[in-house]
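Residue numbers (our numbering): 25 to 550. Contents: one structure, followed by commentary.
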Ligand code: TXE
């Protein structure tokens, strides 16, 4: 019996809070192991029919779901803001708009990306063989997202999985179950066949039960620790996993960058969603000669940010998602102080607001040895360090357990590209920051402890299908020279294969023809 099965199976309940007011937002069920198993059973049945639908039919459901989202735009934005704490502006710009774009892109392009592919099989083709790849759906895809992008991440992944012909089970974060349930409601409204997409609310135990149910794929977004547990548990069933884990993303600012733009970029990259993005700027390295001027710009702009509850349209920085998250930030700031860094602005909770609000915080004199420069903070903090030379900046950026994204800011685009290619991260932007998760066409995922596998783009879609190789021999007259039984003539022919055929040259291979014919004649006689 595996460890996860020993979790309590009794029906339980999770309580969701509005982090800006600390008031209860609502209660949702916490699905038991049995309930998860029942959902998987229903999912398997639904998959049998869904996998037979055409891309056109699947696209119709997705495009109708887009329409529902557009009809309920403000209501959904408000739900996202209230349950996760983020500003309404970001619910629209960072969750709803990008996922609507992803939906139209995959609805219109999945068929093209997954169309059967003819493979060039070299000299085997001269023997009358053909090969093609078809892409088959996997079965049930389990999506286990975090609370930081509770709408766009699970919805985007669900749309891709559905377009590929899979059935989907979403287990939303226990901090944001109602946003997850909204995704289920949208697909119910468009009449998606029953159980093709299910939303099962619950906490880590429910997630663990889903992983232990032996489904075909897990798409996980969350912490490194949980990601490792999931990989371990999934391995027991050989369930393949995509892990989108944390980041400690560096931003390098060279002296020749447009400093005003870079400062604005840094502030958005570090403080949007209260710094709770896996691709947030968590370490800033600025060239020493402009460090003072640049840091002043950052501090001045940070002080002007408006912190308030997310429901107000003028709010720049809102509440953090939970008390637990704010405590991690406090702990990192405390260690920055103790290790000799300087807090230039912020560095404390916002005493004027009652919820989980931490002031946007700028830190100077940071070094890579400090704990706050090594562990993921996931909060509104911007620690700044300096460098003198290009190679030093690259080394500092790469000196991390993580490798999700990075950005390089410079007026010299050639230098930007050169430095970008030397940084070990899944995405590196030049004069841009954080936002490429919003481009559904481009792959998303990390190196090192940031996880493996990709979501989004062609590479992300390929995670949700299994390539099947169909090989056909059209030459039906002769046996293959490599079949049984063997003989001295066979061995001599195979030497010829090794010397000539395996070199890939038709001219060389023709030399083999007389011997090959003899060998085939030999086999025909058997
Ligand atoms: O994530 P968890 P948490 C980082 C960030 C944050 C830390 C912890 O540093 O402070 O992770 O966040 C489900 N089997 N990121 O605790 O625990 C859980 O119910 C299966 C980075 O919220 O990893 C939720 O749905 N599922 C990150 C999801 O996993 C399990 C985003 C994430 O929870 C499970 C969020 C189990 N054993 C946090 N245990 C990013 N990359 O963006 C929990 N879950």
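Don't be surprised by glycine CBs; every beta carbon is placed ideally from N, CA and C. These figures come from a predicted structure and were not determined experimentally.
Query: For residue 372, is the classification buried or exposed, using 16 other Cβ atoms within 10 angstroms of its Cβ as the cut-off for buried?; Result: exposed
Query: With a threshold of 8 Å, are at least 3 pairs of Cβ atoms found where one atom belongs to the region 236-245 and the other to the region 163-176?; Result: yes
Query: With a threshold of 8 Å (Cβ to nearest heavy atom), would residue 402 be considered close to the ligand TXE?; Result: yes
Query: List in chain order: all unbroken beta strand (DSSP E) runs of 3+ residues lying wholly within the region 390-442.; Result: 405-411, 429-433
Query: Tell me where the alpha helix (DSSP H) around residue 59 begins and ends.; Result: 57-74
Query: How would you write the range of the alpha helix (DSSP H) that residue 210 sits in, first residue to last?; Result: 201-213
Query: Which residues in the same chain as residue 461 place their Cβ atom closer than 6 Å to its Cβ, once the five residues preceding and following it in sequence are excluded?; Result: 468
Query: Look at the alpha carbon of residue 39 and the alpha carbon of residue 56, and state the distance between them as a whole number of angstroms.; Result: 16 Å
Query: With residue 464 and residue 179 assumed to form a contact (beta carbons below 8 Å), what rounded beta-carbon distance in angstroms separates them?; Result: That belief does not hold up - the Cβ atoms of residue 464 and residue 179 are roughly 11 Å apart, past 8 Å.
Query: What I want to know is whether the C-beta of residue 234 ends up closer than 8 Å to one or more non-hydrogen atoms of the ligand TXE.; Result: yes
Query: Relative to the C-alpha of residue 490, which candidate in 159, 89, 149, 109 has its C-alpha closest?; Result: 159
Query: Measuring alpha carbon to alpha carbon, tell me which residue in 452, 171, 189 is nearest residue 138.; Result: 189
Query: Provide the residue span of the alpha helix (DSSP H) that contains residue 351, from first to last.; Result: 347-362
Query: Since residue 242 sits in a beta bridge, which residues does DSSP pair it with?; Result: 166, 265
Query: Helix or strand or just coil, what does DSSP make of residue 494?; Result: strand
Query: Kindly indicate which residue of 307, 216, 439 has the alpha-carbon position closest to the one of residue 89.; Result: 216
Query: Pick from 103, 73, 78, 76: whose alpha carbon is nearest that of residue 41?; Result: 103
Query: Does the Cβ-Cβ distance between residue 86 and residue 131 come in under 9 Å?; Result: yes
Query: Does at least one heavy atom of the ligand TXE sit under 8 Å from the Cβ of residue 407?; Result: no
Query: Do you know whose CA, among 496, 221, 510, lies nearest residue 64's CA?; Result: 221
Query: Measuring straight from C-alpha to C-alpha, what distance separates residue 528 and residue 499?; Result: 20 Å
Query: Skipping 5 residues on each side, what residues in its chain have a beta carbon closer than 8 Å to that of residue 410?; Result: 309, 310, 311, 312, 315
Query: Leaving out five residues on either side along the sequence, give the residues of the same chain with a beta carbon under 7 Å from the beta carbon of residue 334.; Result: 44, 105, 109, 110, 111, 112, 342, 343
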